[in-house]
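S.K.:
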Amino acid sequence: AEPKERTFLMIKPDGVQRGLVGNIIKRFEEKGFKLVGLKFVWPTEELLKQHYSDLAGKPFFPGLVKYMSSGPVVPMVWEGLNVVKTGRVMLGATNPADSAPGTVRGDLCIQVGRNIMHGSD
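Numbering (my numbering), first residue to last: -19 to 101.
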């Protein structure tokens, strides 16, 4: 059997508020990936500061933490062949303007600060 690769993806507050959770999960399931973990959680600023610690020196960091703690998020673990690379492609570019049609960001959002999802590199 092929070794199963896993990746962490998280639907951000804007994706949850806009009711896109089902749409996003459906895209990954239809691609053939298996959802192996999911939570619905409202993150604290402390948790987010740890999660985004690599970005702590950036000028946008305080705004990012504020936005990410503004509502619930849906962290997920997906499993499947090449799920890390394929998952990044399915998400689209960090800036939705650079994202191809057919990607989550290319289809569903327009603003870089509200780009619906976080994906692991």
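Glycine included, C-beta positions come from ideal geometry on N, C-alpha and C.
Distance check for Phe8 and Lys14, CA to CA, integer angstroms please.
M.R.: Translated into positions along the sequence shown, residue 14 becomes position 34. Translated into positions along the sequence shown, residue 8 becomes position 28. Near 8 Å, if we compare the C-alpha coordinates of Phe8 and Lys14.
S.K.: Check for me: the beta strand (DSSP E) holding Arg(-14) runs from which residue to which?
M.R.: The sequence position of residue -14 within the sequence shown is 6, counting from 1. Start and end: Glu(-15) to Ile(-9).
S.K.: In terms of residues, what are the limits of the alpha helix (DSSP H) holding Lys14?
M.R.: Residue numbering aside, residue 14 sits at position 34 when the sequence shown is read from its first letter. Note, Lys14: premise wrong, no alpha helix (DSSP H); beta strand (DSSP E) at Lys14 to Leu18.
S.K.: From Thr74 to Glu26, what does the alpha carbon distance come to, in whole angstroms?
M.R.: On the sequence shown, position 94 is the one that residue 74 refers to. On the sequence shown, position 46 is the one that residue 26 refers to. Distance between the alpha carbons of Thr74 and Glu26: 24 Å.
S.K.: So, for Gln(-3): in the same chain, excluding its five sequence neighbours on each side, which residues have a beta-carbon less than 8 Å away from its beta-carbon?
M.R.: For this step, residue -3 is matched to residue 17 along the sequence shown. Closer than 8 Å at Cβ, skipping near neighbours: Gly51.
S.K.: Can the beta-carbon of Ile(-9) be found closer than 8 Å to that of Ile96?
M.R.: Here residue -9 is taken as the residue at index 11 of the sequence shown, counted from 1. Here residue 96 is taken as the residue at index 116 of the sequence shown, counted from 1. Yes.
S.K.: When you compare each of Ala77, Met70 and Val92 to Asp116 by their alpha carbons, which one comes out closest?
M.R.: As shown, the chain starts at -19 and ends at 101. That puts residue 116 outside it, with no answer to give.
S.K.: Measuring CB to CB, does Leu48 end up less than 8 Å from Pro23?
M.R.: On the sequence shown, residue 48 is found 68 positions in, with the first residue counted as 1. On the sequence shown, residue 23 is found 43 positions in, with the first residue counted as 1. Note that residue 48 corresponds to Met in the displayed sequence, not to Leu. Contact: yes.
S.K.: Within a Cβ cutoff of 7 Å, which residues of the same chain sit near Leu88, ignoring the five residues on either side of it in sequence?
M.R.: Position 108 of the sequence shown, counted from the start, is the residue given in the question as residue 88. Leu0 and Ile96.
S.K.: Find the nearest neighbour of Arg(-14) within the set Pro81, Val57 and Lys46, judged by alpha-carbon distance.
M.R.: Residue numbering aside, residue -14 sits at position 6 when the sequence shown is read from its first letter. The option with the nearest alpha carbon to Arg(-14) is Val57.
S.K.: Does the Cβ of Gly67 have 16 or more other Cβ atoms within 10 Å, making it buried, or fewer, making it exposed?
M.R.: Here residue 67 refers to the residue found at position 87 when the sequence shown is read from its first residue. Answer is buried; the Cβ neighbour count reaches 16.
S.K.: Can you round the beta-carbon distance between Val84 and Gly93 to whole angstroms, since I take them to be within the 8 Å contact cut?
M.R.: In the sequence shown, counting from the first residue as 1, residue 84 sits at position 104. In the sequence shown, counting from the first residue as 1, residue 93 sits at position 113. With a Cβ gap of about 16 Å, Val84 and Gly93 do not count as contacting.
S.K.: Could one say the Cβ of Thr24 lies closer than 8 Å to chain B's Cβ atoms, at least one of them?
M.R.: In summary, chain B is missing from the structure at hand, where a single protein chain is found.
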